[in-house]
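In terms of the working numbering, the sequence shown opens at residue 870 and continues consecutively. For each residue, glycine too, the CB sits at the ideal point set by N, CA and C.
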Amino acid sequence: MDLEERVAALERRLAELERKDHAAPRLGDGDFWALEGLKEQLAGLGEDAADGGVLYTGSVRLPTGEEYGWQYGALTGSLIGGDWADAAEPFAALGHPVRLRLLREILGGLRTTAELAALDEVGTTGQIYHHLRQLTGAGWLQAAGRGRYEVPPARVVPLLVVLTAART
């Protein structure tokens, strides 16, 4: 195989890998098994669900071995008609790269302020405390005592959902 053929083959493989990276994972019998289940649930609700709804769900095992499962659904009407300003603080708290890094490290097992302060490029101890307060105030973290922090169990999957949505 000459160089031109090898480059063309590599380009085809790269294009295929890039397509797979952005495709939804196949976790069930069909590509839209969760969507089909949601539609069935909405059909059972009648007129209240005529405008549809959204669902997010997840089953997660963290690097620490902790496992979480979560699902939540909402009707479109309540989402569109609700006060979106309520979401500003949780979104704002996620809007800083250091805060996102702290959340990732906490999910990965670094839980104490001292462990987090030892990380490169997260700022001074005072700055770290500021970021931890922002995340705690917005509900993305909770104090677990003695300078330890954790993502509340009910927020692990939603946090990963928001991260996933930001990447699509």
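Test item: CB-CB of residue i and residue j under 9 angstroms
i, j, result
"tyrosine 937", "arginine 980", "no"
"proline 1027", "tryptophan 953", "no"
"glutamate 990", "arginine 970", "yes"
"leucine 944", "alanine 912", "no"
"alanine 962", "alanine 1012", "no"
"proline 1021", "leucine 1010", "yes"
"arginine 968", "histidine 1000", "yes"
DSSP beta-bridge partners of residue i
i, result
"threonine 926", "Gln940"
"glutamate 1019", "Gln1011"
Where residue i falls: helix, strand or coil (DSSP)
i, result
"glycine 1014", "strand"
"threonine 981", "strand"
"glutamate 935", "coil"
"glutamate 958", "helix"
"alanine 1035", "helix"
"glutamate 874", "helix"
Buried/exposed call for residue i, threshold 16 Cβ in 10 Å
i, result
"tryptophan 902", "exposed"
"isoleucine 975", "buried"
"valine 923", "exposed"
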